[in-house]
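In my numbering, the protein residues as written are 132 to 275. Remarks on the structure that follows.
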């Protein structure tokens, strides 16, 4: 199996070198770096990629795996939160942020970042609930 991972890692490295804008090459290479026990390289690769600000769930999932394997548990939970948020799973995103807050070695910067994201997600939830209530009100009016 180790031979397969190292061989796949080499193939993805070539694919990424040939086409760094390829999502498949970027994420495949990051995944192989994680599987090869090189999470710091996977994290750097993802952060240096053109997909950093795209809100792609796969990006956040791979980043969370790398952060976890490095031992950055708060950052791993934050990235998982972004993963769930990008899927529209806001309550699961909040749950990951609560877990990140409970991490013992959390820094002040991480705490502030987590708190800010929690505020944003809570606001999104309020807006969704208001929209749902408004749609329900209109539905009832149409039935009259």
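All residues carry an ideal CB built from backbone N, CA and C; glycine is no exception. Computed from a prediction, not measured in an experiment: that's the story for all the values here.
Helix, strand or coil at residue i according to DSSP, with G and I counted as helix
i	result
residue 195	helix
residue 137	helix
residue 150	coil
residue 132	Because the pLDDT of residue 132 is 48, which lies under 50, any placement of that residue in the model is unreliable, and the question is left without a value.
Closest Cα partner of residue i within the set the options
i	options	result
residue 154	258, 246 and 177	177
residue 214	202, 232, 193 and 251	193
residue 226	252, 241 and 243	252
residue 168	247, 150, 200 and 258	200
residue 166	151, 197 and 146	197
residue 241	223, 203 and 151	203
**Message:** Across the region 213-220 and the region 165-182, are there enough close Cβ pairs to call them in contact, namely three or more that are closer than 8 angstroms?
**Reply:** Touching, no, given that fewer than three Cβ pairs across the two stretches are closer than 8 angstroms.
**Prompt:** Contact between the region 134-146 and the region 171-178: three or more CB pairs below 8 angstroms?
**Reply:** Result no; under three Cβ-Cβ pairs closer than 8 angstroms.
**Request:** Can you check the region 203-273 for any beta strand (DSSP E) of at least 3 residues that lies completely inside it and give the ranges in chain order?
**Result:** Here no run is fully enclosed.
**Message:** So within the region 157-189, which uninterrupted beta strand (DSSP E) runs reach at least 3 residues, ignoring any that extend past its ends?
**Reply:** If we require 3 residues or more, the region 157-189 turns out to have no beta strand (DSSP E) run fully inside it.
**Item:** Segment contact flag, the region 186-197 with the region 148-164, C-beta cutoff 8 angstroms, min 3 pairs
**Value:** Yes, the region 186-197 touches the region 148-164.
**Asked** Is the region 226-234 touching the region 201-209 in the sense that three or more CB pairs, one from each, lie closer than 8 angstroms?
**Response** Yes, they touch.
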